[in-house]
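**Q** Numbering (my numbering), first residue to last: 36 to 210.
Even for Gly, the Cβ is constructed at its ideal location relative to N, Cα and C.
Note that the coordinates shown come from a computational prediction; the quantities given were computed from them, not determined experimentally.
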Amino acid sequence: MDSEKMWYVIHTYSGYENKVKANLERKVQSMGMENEIFNILVPMEDEVEIKDGRKKVIKRKVFPGYVLVEMIVNDRSWYVVRNTPGVTGFVGSGTKPIPLSEAETRQILRSMGMEEKPKVDLELSQMVRIKSGAFEGWEAKVVHIDPEKGKLRVLVDMFGRETPVELDFTQVEKI
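(1) Could you tell me which whole alpha helix (DSSP H) segments of length 4 or greater appear in the region 135-201?
(2) Starting from Glu84, trace the beta strand (DSSP E) in both directions and tell me its first and last residue.
(3) So what does Arg89 bridge to, in DSSP terms?
(4) Check whether the region 129-136 touches the region 80-99, taking contact to mean three or more Cβ pairs, one atom from each stretch, closer than 8 Å.
(5) Of the residues Phe73, Val189, Glu208, Glu105, which one's Cα is nearest the Cα of Val200?
(6) Mind checking who Lys94 pairs with in its DSSP beta bridge?
(7) Against chain C, with Cβ distances strictly below 9 Å, would Ile72 count as a contact?
(8) Should Gln206 be labelled buried (16 or more other beta-carbon atoms within 10 Å of its own) or exposed?
(9) Helix, strand or coil for Thr119, going by three-state DSSP, please let me know.
(10) Do Asn109 and Glu137 have their C-beta atoms within less than 9 Å of each other?
(11) Whole-angstrom Cβ separation of Lys176 and Met193, contact assumed at under 8 Å?
(12) Alpha helix (DSSP H) containing Asn74: first to last residue?
(13) Per the DSSP calculation, Gly124 is bridged to which residue(s)?
(14) Classify Val108 as helix, strand or coil using the three-state DSSP reduction.
(15) Could you tell me the boundaries of the beta strand (DSSP E) in which Glu208 lies?
(16) How should Ser112 be labelled, buried or exposed, when 16 other C-beta atoms within 10 angstroms of its C-beta is the threshold for buried?
(17) Look at the alpha carbon of Phe125 and the alpha carbon of Val116, and state the distance between them as a whole number of angstroms.
(18) For the alpha helix (DSSP H) containing Glu60, name the first residue and the last one.
(19) I'd like to know whether the C-beta atoms of Ile107 and Glu60 end up nearer to each other than 9 Å.
As structure tokens, this is what we get:
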């Protein structure tokens with residue numbers, strides 16, 4: 036089986052998602068599997084409910100009956116997850132679990148406010164090359180860095196004038 040860390044979806048009895056998460060976390064700890072099973076998530080989102088004229092924010096399961104597990108699939112880790120009380124199986128065909136794509140994982144983590152932010156080691160006034168987008172291949176000077184949003188503002192020299200452009204950290208590289 037795979038030896039790469041990926042996100043997988045496990046199907047649980049409805050309403051057992053948090054119990055499965057707790058049981059699986061306990062098993063990982065007691066069996067010393069921290070190097071095979073890394074994260075266990077029950078995707079939740081805030082929902083505003085109005086009762087008796089009062090606003091109340093409640094947590095709602097995004098995928099009832101499912102739990103996400105970041106793990107390296109091997110015979111042992113598959114067996115541990117599969118035999119956790121409340122788990123009915125992996126989402127996939129037959130006995131081989133199918134991992135979520137990177138895009139699906141990013142979207143789910145972003146919706147939960149848990150998106151992994153790209154690390155950036157850029158400085159103000161530094162020159163960068165734009166790797167993608169309308170200005171691909173152009174050089175620009177960094178004038179603002181927003182690590183919270185993963186964005187930066189650069190000045191592109193266009194027809195002898197500096198034009199500000201907002202880009203993603205992933206769209207530039209150091210020169």
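**A** This is what the structure gives:
(1) 137-146
(2) Against the sequence shown, residue 84 aligns to sequence position 49. Note, Glu84: beta strand (DSSP E), 79-86.
(3) Taking the first residue of the sequence shown as 1, we reach residue 89 at position 54. According to DSSP, Arg89 bridges with Lys86.
(4) Result no; under three Cβ-Cβ pairs closer than 8 Å.
(5) Against the sequence shown, residue 200 aligns to sequence position 165. Nearest C-alpha to Val200 among Phe73, Val189, Glu208, Glu105: Val189.
(6) As a first step, residue 94 must be located in the sequence shown, where it is residue number 59. Paired residue(s): Asp81.
(7) The structure shown contains no chain C; it holds only a single protein chain.
(8) Position 171 of the sequence shown, counting from 1, holds the residue named residue 206. Gln206 is buried by the Cβ-count criterion.
(9) Counting from one through the sequence shown, the residue named residue 119 turns up at place 84. Coil.
(10) Position 74 of the sequence shown, counted from the start, is the residue given in the question as residue 109. Position 102 of the sequence shown, counted from the start, is the residue given in the question as residue 137. Inclusion of Asn109 and Glu137 in the CB contact set at 9 Å is not warranted, their separation being larger than that value.
(11) Position 141 of the sequence shown holds residue 176. Position 158 of the sequence shown holds residue 193. Wrong, their Cβ atoms sit about 12 Å apart, outside the cutoff.
(12) One-based indexing of the sequence shown puts residue 74 at position 39. Careful: Asn74 lies outside any alpha helix (DSSP H), inside the beta strand (DSSP E) at 72-76.
(13) The sequence position of residue 124 within the sequence shown is 89, counting from 1. Bridge partners of Gly124: His46.
(14) Translated into positions along the sequence shown, residue 108 becomes position 73. It is coil, neither helix nor strand.
(15) Within the sequence shown, residue 208 is the residue found at index 173, counting from 1. Here the beta strand (DSSP E) through Glu208 covers 207-209.
(16) Here residue 112 refers to the residue found at position 77 of the sequence shown. Buried, because 16 or more other Cβ atoms sit within 10 Å of the Cβ of Ser112.
(17) The residue given as residue 125 occupies position 90 in the sequence shown. The residue given as residue 116 occupies position 81 in the sequence shown. Approximately 9 Å, taken between the alpha carbons.
(18) Locating residue 60 in the sequence shown gives position 25, counting from the first residue. Counted as a single uninterrupted DSSP element, the alpha helix (DSSP H) harbouring Glu60 occupies residues 52-65.
(19) To locate residue 107, count along the sequence shown from 1; it is residue 72. To locate residue 60, count along the sequence shown from 1; it is residue 25. In this structure, Glu60 does not lie closer than 9 Å to Ile107 by Cβ.
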